[in-house]
Amino acid sequence: MPSRPARRPGAIAVAAALAVLVVAGTTMLGLMWLAAPQDRPVLAWVEHTHETIDALHLTLDSVETAEAAQRGFLLTRDPAYLRSYATAVASGWRRLAQAQALMADNPGQAERLHALPELLQAQFGLIARSLTLARDGNPDAALALMREDSGQRLTDHLRQAIAEMVATEQQLLQSRRTELRQAEARRRQQLAGAALLALAGLGLGGATLLRLLRVSSRARRDAATAAERQRLLELMDLAGIMVREFDGTIRVWSEGCHRLYGWTTAEAVGRRSHDLLQTVFPVPLAEVEAILQREGEWSGDLHHRTRDGREVIVAARKVLQRDATGGPPLVLESLTDITSLHRTEVALRESQAELRSVLDTAAEGIVVANAKGRILSVNRATLRMFGYDHAEDLVGRDLGVLMPSAEAARHRDYIAAHIAGSQPRVIEPPDRELYGRRRDGSDFPIDLAVSSFGTNGKRCLTGIIRDATARKQAEAALRDSEARLRLVQQVGGIAFTDRAITDDKALISPEYTQLYGLPPGQTHITLQEFLDLTHPEDRDKLQADISTVYIQGRTRRTEFRIRRPDGELRWVASRVEVFPGPDGKPDRVISAQQDITEIVTAREALAARGEELERRVAERTAALAAAEARFRAIFDSQFQFIALLAPEGTLLEVNRTALEAGGLGRAETIGRPFWETGWWPDTERAQLQREVAEAAQGAVVQRVMESRGADGRTLWVDYSLKPVRDAASGAIIWVIAEGRDITEQRDLSGQLAQAQKVQALGQLASGIAHDFNNVLQTVSGAAMLIERRPDDPEKARQLARTAINAASRGASITQRLLSFARRGELRTETIPTADLLDGVREVLAHTLGTLITVRTEAAPGTPPVLSDRGQLETALVNLGTNARDAMPRGGTLTFRATRADSDAPATLPPGDYVRIDVIDTGAGMDAETLARVTEPFFTTKPPGQGTGLGLPMVKDFAQRSGGALAISSTPGIGTTVSLWLRQAREETAPHHGEDNRPAQPGATPARILLVDDDELVRETLAAQLEDAGFATLTVSGGAEAVAALEAGEAVDALVSDLSMPGMSGVETIQKARHLRPNLPCFLLTGYVGERAALAAEDAFTLVRKPVAGRQLANRIEASLETTHR
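Heads up: the sequence shown begins at 0 in numbering that gives the first Met the number 0, then just goes up one per residue.
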C-alpha cells in the first residue's frame, strides 16, 4: 500500500528512541525514581486532558459527518450515505461515552456533561426522522425537515457546549503544564552534570516516543477524517460552493457552480454574484444581509439565471466568516439545485389543491381513516353535516366520535371486515337504520358507503356519507301521501283505472265499481265493457279521444255521460295520462274519473245565472264609472288644494287645482312622500314630515306655510292635515291634506297692516311732536344764546354741546320712527334686549297717556335677540296700544325680557330663545275670547274701531322670525302676551358715537368732493370737514359731481347724499367708481329702511345721518389710510 513506506522511518525512530531510553533509563532509573516520585501523576493528568479534548472533538466530528451523510442521501438517494450515517452515529455515542468516562471525576464539567447526551440524542433523532421520511417515499417532507432551523440550532448548541468544555479542559491542561514545568525545574536543581545529560536523553527519548505515538494515532485519525472530508467536499461540489465578499464579489467558484450555472471559475471570480446570477430573494436583500450580520448565517430558496438564461431555483445556505485579524468578512454559500423539486412541489400542491377542491365541493361527506379507526381527513360536507367548524376538530380522533354509542362499540369489527375486502359497499343493516352523531349530541339517519385502499403498505378506509334525513322524511311523506290519497279516493269517490297498452283489460279501483254501478269486488273491465256503459251520444267522441291518447301519448281531459246498469244517467270527468316504457314508447295508461253530475247541474244553473249577473255587473260598472267621473270633476274643480295621503306620508291622489298651482304633473307627485314633492321649499320639508306623522297619529294640524307656485313665485297657503278613520275599526287609513291660496289675502293684510302702522303713527304723533318740540326748543335756545354771547367762548362751547346732545336725541327719535314705519320682508340683526325695551318705552311714554304707567324689566344677563328691529318694535307698540285699550281707567303696562329656559310652546323648534312678555293689568279675556283672539279679523272692539289683524300679524311675525307667540289671560286681572324670539350670539355692538380724536393733518390736506342738494347740510358738512383738516369741493347734484371728475378734478374721496333730484347718490357713486375704480366713496342716508338694501353694495361705505363731522372725518381718514397702503 502507498502509505506503508511512510511508516518505516517512524518505526526506526521509535526503535532509536527506545534504545536511547533503555540506555538513559538504565543510568538514571534509580535516581529518577528517587528524585521525582511526585511528577508521575502530573504527566498522567496531562495525557488524560489531551485524551479528553480529542474525545470531545471527535464527538463533534461524528455529528458533522452524520449531517453530511444526511444531505448526501437526500440529494442522491445513495445507500452508501446511510452506512456512513450509521457509522457516524455509533462513533458519536462511543466518543461521548469516552469523554464521559474521562471527565466523570471533574465536578466542573458535570452540568455540561449531563446536557450533552440530550443534545446529541435530539440531533441524531432529527436526522433519523428526515432519513425515515425519505426512505418511506416522502422526500418533500424530508427536505422540509432538513431545512428547518431546529437542526441548525441543535448543532449550534452542541458545538457551543463542546467548545465550552474544551475551553475548560484547555485551562486545566495549562495549569497542569505549569505544574509539570515547576517539577522539572526542581529535578534540574537536584541532578548534576551526568545525571542532567542522562535525564535529557531520557526526556528526549520519552518525548520522541510519546510524540511519535501521538503522531501515529493522530495520523490515522487524520487520514480517516481526510477521507470523510473528501467525500463531503465531493458532495458539496455536487451542490455548488461559492465564497464571496460581503458586497457580493466572488472569490471561490466550485465545479458544482460551474455545472449548475454554466460560468467557469475564471468567468465568475471577481464579479458580483447578485448581478451575475440576477438573484431574486424571497425577502429584501437588506434584510438578508442584516440577518447575516446579526446571526452569522441565513438559509432560504433563491431564484437565479444561468448563463443561457434559464431560471433555476436553489436551496442556499449563507454563512458569514469573520476574519480574526480584522480583514473583510467572507460569505460561504452552499447552493443546491431544487428546480425540479420545486416544480414537483408546485405540481403536487396544485394537484392536492384540486383534489381538496373536488372533495370540499362534494355534496356527500367523505371521511378517510387508517386501519386503527383514526380519522386522517374529512371534507367540508362532513364538517357541515356533523356540526364541526374545522377539520382539526376531527382529524386524529376515533371514528366512534361520529357514531352513536351503540355503533361506536362495534365499529372496530366493521373496520376489520372492510379492510379484508376491496370493493365499496353500502352499510345498511336489514333490521335497523344507520345513524350518525353530531357534535351537539343529536343523532340523524345516514347512508354510508365504505371501501378500503392501500398506500405505502398501509390499509385505509374511505367512507362516503349522505344525510338520509331528507330521504327518510320523503319516504314518510310518501307513505303519508299515499294514505291521504287513498282517503281522498274514498271520500271524494275518485275512481282509477290502470291499463297496459297491449292489454285489453284494465285494473279498476273499488271506487270505479261504485261509480259505474258494477258488482262489488270486480277488479277488471274490458274496453268494450267500458264503451257499452257510456252514453251513445258521447261514445264516438270518447273513442276518438282514446285513440288520440294511445297514438300520441298525450294527457287528455274529457267529460262524458254514462248510463249505469240500473239505468241512472251520470256525468263523469276523466283525466287520462300515458306513461312511456324503457324504450320511450307509450306503455301504460292510467285514468282518474269522478262523478260530476251535481257539478254539471250546478254549472248549467250557474251559467244561466251568470248571464243575468253579467248584465247587472255591466249596468253597475257603467253607473260606477259615471259616479267616479262626477267625483273626479268635483274633486278637480275645487278651489282648494286637496290631496289624499297614506298614513306613512305617500301621496295617493291629488286634485287638478293643486297640480296646476305648483306647475306639476301626476307622474311627478303620485307615489312620492308628500314632503318631497315639488310644492314645498327645503325650509318647509322637515316640519311638514313631522306634521304628517302627527296627523297619522290622530292630530289635526293647521298653519300658514310657504309653497312654490308654477311660475316660480312664492305662494302662501292656509294648510291643514286631518286623519280619516275606518268606519268599522276606527283605525286611521288615510290623511287628507287641504290648502287654500291666501297669497292675495296676505298681501292685502300686509297693506292693511301698513295702514294700521300709519294709524298708529297718528296715535304716536302727539308724543313724538312733544319730543321734537323739546329738541327744537333746546337747539334754537342754545343757538340764540351763542349769537348773543360771542365774546364768551366757554359759555358758547357749553351751549353748543347742549345743542349737539339735543340733535342726537332728535336723530334717535327720527330713526325709531322710520324703523317703525318701514314695511317689507324680515331683515334680521342682533338687537340688545334692554335697549329694545327702553326704546319702545320712550315711544309709548307720551302716547299712552298719563293714566298708563310703562315699565321695562330685563333680567341681568338676558342675551340679545335675532330679529327685524323695525317689525319687532312695531309688534311691541301694537301690543302696547292694545293693552292701553284694555285699561280705559289706567293701569300698568310691563315689558319684561328673560332667557327662555322652559314653558316654551310645543311647536317651537329646538334652540336658544329670549322670551318677551307684554303684561297689562286690564279687564282680561274669557276662555272663548282667548281661543279666537289670534284669528284674522276677529276683534273685541266696537264696529269700526278695530280690524282684527293686530294679534294675527304679531303671531305671524313671531313665526316668520323662527319663534312663537302665546297668550294667557284672567278676567279682572289682566293679559300676558309672550313672544319667543331666537337668541343671537353675544357680539360687541359697533360704536356709532362721535370720535373726538383730533385730526392729523398731513403735509398736503386730502380733498373731499361733497355732494348734497340741501345747501345748509352741504355747507355745514363742508365746514366740519375743513375744520378736521380736509380741503373740500362742494356741488349740489350728482351730474355736477360726475362732470367734475370727468374734467380731471383732483379729489381723494367722494361723500354723497342718497336722495337727490335727478341722479341719486347710488348712481353718482357707481359712475364715479367707473371713472376712478379706487376712489373711496361714502353714502349718507337718514332712511333706516335703506340700510339692508344698500348693504349688498360693495362700492361705498354707508353712513347714517345725522353724523358728526369728526366721526365722518375719522372714517374718511381710515379709508384713505387703507387705500394708500
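Here a beta-carbon is modelled for each residue, glycine too, at the ideal position from N, C-alpha and C.
_What does the Cβ neighbour count give for ALA467, buried or exposed, with the cut at 16 atoms within 10 Å?_
Indexing the sequence shown from 1 puts residue 467 at position 468. So ALA467 ends up on the buried side.
*Check the DSSP bridge columns for CYS256 and list the partner residues they point to.*
The count along the sequence shown starts at 1 and reaches residue 256 at position 257. In DSSP, CYS256 forms no bridge with anything.
*Along the chain, where does the beta strand (DSSP E) that runs through ASN654 open and close?*
Position 655 of the sequence shown, counted from the start, is the residue given in the question as residue 654. Counted as a single uninterrupted DSSP element, the stretch harbouring ASN654 is not any beta strand (DSSP E), since DSSP gives it neither H nor E.
_Through-space distance from ARG348 to VAL357, alpha-carbon basis_ = Taking the first residue of the sequence shown as position 1, residue 357 is located at position 358. Taking the first residue of the sequence shown as position 1, residue 348 is located at position 349. One C-alpha to the other measures close to 14 Å.
*asked:* What residue range does the beta strand (DSSP E) around ILE500 cover?
replied: Taking the sequence shown and counting its residues from 1, one reaches residue 500 at position 501. Per DSSP, ILE500 belongs to no beta strand (DSSP E) and is neither H nor E.
*What span of residues does the beta strand (DSSP E) with ALA698 cover, start to end?*
Position 699 of the sequence shown, counting from 1, holds the residue named residue 698. Following the DSSP letters along the chain, one finds ALA698 in no beta strand (DSSP E), marked with neither H nor E.
*asked:* Let me confirm a value: ALA85 is counted as buried when at least 16 other C-beta atoms fall within 10 Å, else exposed. Which label applies?
replied: The count along the sequence shown starts at 1 and reaches residue 85 at position 86. Under this definition ALA85 is an exposed residue.
*Candidates THR906, TYR912, TYR718, of which the one nearest ASP900 by Cα*: The residue given as residue 900 occupies position 901 in the sequence shown. Minimum Cα-Cα distance from ASP900 among the listed residues THR906, TYR912, TYR718 corresponds to TYR912.
_Proximity to VAL1034 [Cα-Cα], best of PRO1060, SER977, ASP1026_ = Within the sequence shown, residue 1034 is the residue found at index 1035, counting from 1. Residue PRO1060 is the option with its Cα nearest to VAL1034.
_Applying the 10 Å Cβ sphere with the 16-neighbour rule, what's the burial state of MET783?_
As a working mapping, residue 783 is identified with position 784 in the sequence shown. Classification for MET783: exposed.
_Coarse secondary structure for LEU329, derived from DSSP in three states_ = Numbered from 1 along the sequence shown, position 330 holds the residue referred to as residue 329. In this structure, LEU329 counts as strand in the three-state DSSP scheme.
*For ALA666, three-class secondary structure by DSSP*: Within the sequence shown, residue 666 is the residue found at index 667, counting from 1. Here ALA666 sits in helix by DSSP.
*Given that a residue counts as buried once 16 or more other Cβ atoms are within 10 Å of its Cβ, and exposed if not, what is ALA1021?*
Working through the sequence shown from its first residue, we reach residue 1021 at position 1022. The C-beta of ALA1021 has 16 or more other C-beta atoms within 10 Å across all chains shown, which makes the residue buried.
*Taking the continuous beta strand (DSSP E) assigned at ALA963, which residues delimit it?*
Taking the first residue of the sequence shown as position 1, residue 963 is located at position 964. According to the DSSP assignment, ALA963 belongs to the beta strand (DSSP E) that extends over 963-969.
*In the DSSP assignment, find the unbroken beta strand (DSSP E) run with LYS457 in it and report its ends.*
Counted from its first residue, the sequence shown places residue 457 at position 458. LYS457 -> beta strand (DSSP E) spans 457-466.
*For the alpha helix (DSSP H) holding LYS1070, just list the boundary residues, first then last.*
Numbered from its first residue, the sequence shown carries residue 1070 at position 1071. For LYS1070, the enclosing alpha helix (DSSP H) has its first and last residue at 1064-1074.
*Who pairs with LYS317 in a beta bridge, going by DSSP?*
Taking the sequence shown and counting its residues from 1, one reaches residue 317 at position 318. The partner list for LYS317 (beta bridge, DSSP) reads TRP297, GLU332.
*Over the uninterrupted beta strand (DSSP E) stretch that includes LYS721, give me the two end residues.*
Taking the first residue of the sequence shown as position 1, residue 721 is located at position 722. Unbroken beta strand (DSSP E) run through LYS721: 713-724.
*For LEU125, I'd like the list of residues in its chain whose CB is within less than 8 Å of its CB, leaving aside the five on either flank, ordered along the chain.*
As a working mapping, residue 125 is identified with position 126 in the sequence shown. Answer for LEU125: LEU144, SER149, GLY150, LEU153, listed in chain order.
*Closest residue to THR827 among ARG1103, GLU675, MET402, ARG984 (Cα-Cα distance)*: As a first step, residue 827 must be located in the sequence shown, where it is residue number 828. The alpha carbon of THR827 has as its nearest neighbour, out of ARG1103, GLU675, MET402, ARG984, the alpha carbon of ARG984.
*Mind pulling the beta strand (DSSP E) runs of 3 or more residues that sit fully within the segment 326-409?*
Restricting attention to beta strand (DSSP E) runs no shorter than 3 residues, the segment 326-409 encloses them at 329-336, 364-369, 374-377, ordered along the chain.
_Which same chain residues end up closer than 6 Å to ILE507 when comparing Cβ atoms and leaving out the 5 residues on each side of it in sequence?_
Here the question's residue 507 lines up with position 508 in the sequence shown. Counting only Cβ-Cβ distances below 6 Å, and skipping sequence neighbours, we find THR496, ILE524.
*Based on the DSSP secondary-structure assignment, which residues constitute the bridge partners of GLY890?*
In the sequence shown, the residue the question calls residue 890 occupies position 891. Beta-bridge annotation (DSSP): GLY890 is paired with ILE851.
_Between the CA atoms of ASP1011 and ALA806 - distance to the nearest angstrom_ = Residue 806 sits at position 807 when you count from the first residue of the sequence shown. Residue 1011 sits at position 1012 when you count from the first residue of the sequence shown. Rounded to the nearest whole angstrom, the C-alpha separation of ALA806 and ASP1011 is 20 Å.
*Mind checking ALA54: buried by the 16 CB within 10 Å criterion, or exposed?*
For the purposes of this step, residue 54 is identified with residue 55 of the sequence shown, where counting begins at 1. A residue is called buried when at least 16 other Cβ atoms come within 10 angstroms of its Cβ; ALA54 meets this threshold and is buried.
*Please name the residue in GLY971, ALA957, MET952, ASN137 whose C-alpha comes closest to that of ALA926.*
The residue given as residue 926 occupies position 927 in the sequence shown. Of GLY971, ALA957, MET952, ASN137, the residue nearest in Cα terms is GLY971.
*Identify the continuous beta strand (DSSP E) that holds THR827 and give its terminal residues.*
Numbered from its first residue, the sequence shown carries residue 827 at position 828. That residue, THR827, is in no beta strand (DSSP E); it is neither H nor E in DSSP.
*Would DSSP call PHE123 helix, strand or coil?*
Looking up residue 123 in the sequence shown gives position 124. In this structure, PHE123 counts as helix in the three-state DSSP scheme.
*asked:* Among the candidates ASP479, GLY364, ARG438, ASP503, whose CA atom is the shortest distance from the CA of LEU447?
replied: Your numbering for residue 447 matches position 448 in the sequence shown. For the residues ASP479, GLY364, ARG438, ASP503, the minimum Cα distance to LEU447 belongs to GLY364.
_8 Å CB neighbourhood of GLU986 in its chain, flanking five on each side removed_ = Locating residue 986 in the sequence shown gives position 987, where the first residue counts as 1. Residue placement at GLU986 cannot be trusted, given a pLDDT of 47 that sits under 50; the coordinates are not used to answer.
*Apart from the five residues just before and just after TRP715, which ones in its own chain have a Cβ nearer than 7 Å to its Cβ?*
Here residue 715 refers to the residue found at position 716 when the sequence shown is read from its first residue. Counting only Cβ-Cβ distances below 7 Å, and skipping sequence neighbours, we find VAL703, GLU705, ILE741, THR742, ARG745.
*Just list the beta strand (DSSP E) runs in the segment 532-612, keeping only unbroken ones of 3 residues or longer that don't cross its boundaries, in chain order.*
You should have 555-562, 568-579, 585-594.
_Length of the line joining the Cα atoms of LYS794 and SER779_ = Residue numbering aside, residue 794 sits at position 795 when the sequence shown is read from its first letter. Residue numbering aside, residue 779 sits at position 780 when the sequence shown is read from its first letter. Between LYS794 and SER779, the alpha-carbon positions lie close to 15 Å from each other.
*Where does the unbroken alpha helix (DSSP H) through GLY973 begin, and where does it stop?*
Position 974 of the sequence shown holds residue 973. Segment 973-981 is the beta strand (DSSP E) holding GLY973; no alpha helix (DSSP H) there.
*Compare the Cα-Cα distances from GLY107 to each of GLU163, ALA89, VAL616 and report the closest residue.*
For this step, residue 107 is matched to residue 108 along the sequence shown. The shortest CA-to-CA distance from GLY107 to any of GLU163, ALA89, VAL616 is the one to GLU163.
_Helix, strand or coil, according to DSSP, for MET145 in the structure here?_
In the sequence shown, the residue the question calls residue 145 occupies position 146. Judged by DSSP in its simplified three-state form, MET145 adopts helix.
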